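Everything on this sheet refers to the single structure shown next.
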Amino acid sequence: MINWKRQMALAGAGLLSFSAHAGEVNTAEKAREAFMQAFKPFCGQAFSAQIVQDNAPSPAWDQPLVVHIRDCEDKVIRMPLHVGEDRSRTWVLTLTPEYIDFQHYHLHEDGSPDAVSPYGGKTLAAGSATAQSFPVDEASKALFVAEGLGVSVTNTWAIDFPSEQSMRYQLSRPGRIFEVEVDLSQPIPLPPPAWGYNPTATD
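Residues -22 to -1, 1 to 181 (mature numbering (1 follows the signal peptide of the UniProt record, and there is no 0)) make up the sequence shown, in order.
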């Protein structure tokens, strides 16, 4: 004999569990969308940046840093990072229904891609409207191993807005921390275009 009360109770519990999961998914999706929107007030502008943490400093980074929040589409943000005269780097955030993908593109002065490009990760946790982290993805792990950079297979990148006037970029892994803070309070003159930039191209 079927215990209908028990069946109804189980069904109710299942619905509650499904509703809770759906609510969590909806909350995470809204957080990701809000995070992408956080860049919009600064789009088309450039800002000074500085290294605030680096436990393995390199002279190559001992130069003026400029972050250009160049392109802000509904689902894609592109931000070149200029290190002195080196205009090879562009950060690209792409919103998908399930996660935000964060990739680092490195192009040489002639526009050709670097051997280690692109690389990055995607969100696994919900994050928030002001902070998201990006554990390294499988394609980047394979690239790092192929290029002799196995130490980077545990990388996690993060971007957050600690205030309305600042943004931070962080790379971390066991034994390594690198963090750049961007001053959003005062735009500066736009830098030259990033190397290889084609305004009509898509990533």
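For glycine and all other residues, C-beta sits at the position ideal for the given N, C-alpha and C. Just so you know, these numbers come straight off a predicted model, no measurement behind them.
Pull up the distance between the alpha-carbon of Pro152 and that of Ala104, whole angstroms please. The straight-line gap separating the alpha-carbon atoms of Pro152 and Ala104 is approximately 23 Å.
When the Cα of Lys8 is compared with those of Ser66, Phe25 and Ile78, which residue comes out closest? The residue with the shortest Cα to Cα distance from Lys8 is Ile78.
Check whether the Cβ of Leu168 lies closer than 7 Å to any heavy atom of the ligand SAM, and answer yes or no. With respect to small molecules bound, the structure shown includes none, and the ligand SAM cannot be examined in it.
For the region 9 to 89, which segments carrying the beta strand (DSSP E) assignment without a break, of at least 3 residues, lie completely within its bounds, in sequence order? Runs found: 23 to 32, 43 to 47, 54 to 61, 64 to 73 and 78 to 84.
If I'm right that Glu159 touches Ala27 with Cβ under 8 Å, what's the distance once you round it to whole angstroms? Indeed they touch by this definition, with Cβ atoms about 6 Å apart.
Can you tell me which of the three DSSP states Val123 falls into? In the displayed model, Val123 falls within a helix according to three-state DSSP.
Distance cutoff 8 Å, beta carbons only. Does Phe139 sit that close to anything in chain E? The structure shown contains no chain E; it is built from a single protein chain.
Should the region 31 to 40 be called in touch with the region 161 to 174, which here means at least 3 C-beta pairs below 8 Å? Touching, no, given that fewer than three Cβ pairs across the two stretches are closer than 8 Å.
Terminal residues of the continuous beta strand (DSSP E) containing Gln148? For Gln148, the enclosing beta strand (DSSP E) begins and ends at Ser144 to Arg151.
Where does Ala109 fall in DSSP's three states? In this structure, Ala109 counts as strand in the three-state DSSP scheme.
Can you tell which of Val45, Lys119 and Thr68 has its C-alpha closest to the C-alpha of Ser163? Comparing Cα positions, the closest option is Val45.
Short check: CB of Pro165 to CB of Phe25, under 8 Å? At the C-beta level, Pro165 and Phe25 come within 8 Å of one another.
Between Phe139 and Val61, what straight-line distance do the alpha-carbon atoms span, to the nearest angstrom? Straight-line Cα distance between these residues: approximately 21 Å.
Quick check on this structure: which residue in Gly126, Ala107 and Val131 has the alpha carbon closest to the alpha carbon of Glu116? Glu116 has its Cα closest to that of Val131, out of Gly126, Ala107 and Val131.
Alpha-carbon spacing of Phe80 relative to Asp32, whole angstroms: Taking the straight line joining both Cα atoms gives about 21 Å.
Among residues of its own chain, excluding the 5 on either side of Pro113, which ones have a beta-carbon nearer than 7 Å to its beta-carbon? If we look at Pro113 and ignore the five residues flanking it on each side, its Cβ neighbours are Gly99, Leu102 and Thr134.
Gly174 lies in the beta strand (DSSP E); which residues open and close that run? Careful: Gly174 lies outside any beta strand (DSSP E) and carries neither H nor E.
Does DSSP classify Val129 as helix, strand or coil? Residue state, collapsed to three classes: helix.
Count the other CB atoms within 10 Å of the CB of Leu137; is the residue buried (16 or more) or exposed (fewer)? Per the sequence shown, residue 137 should be read as Ile rather than Leu. Flag for Ile137 reads buried.
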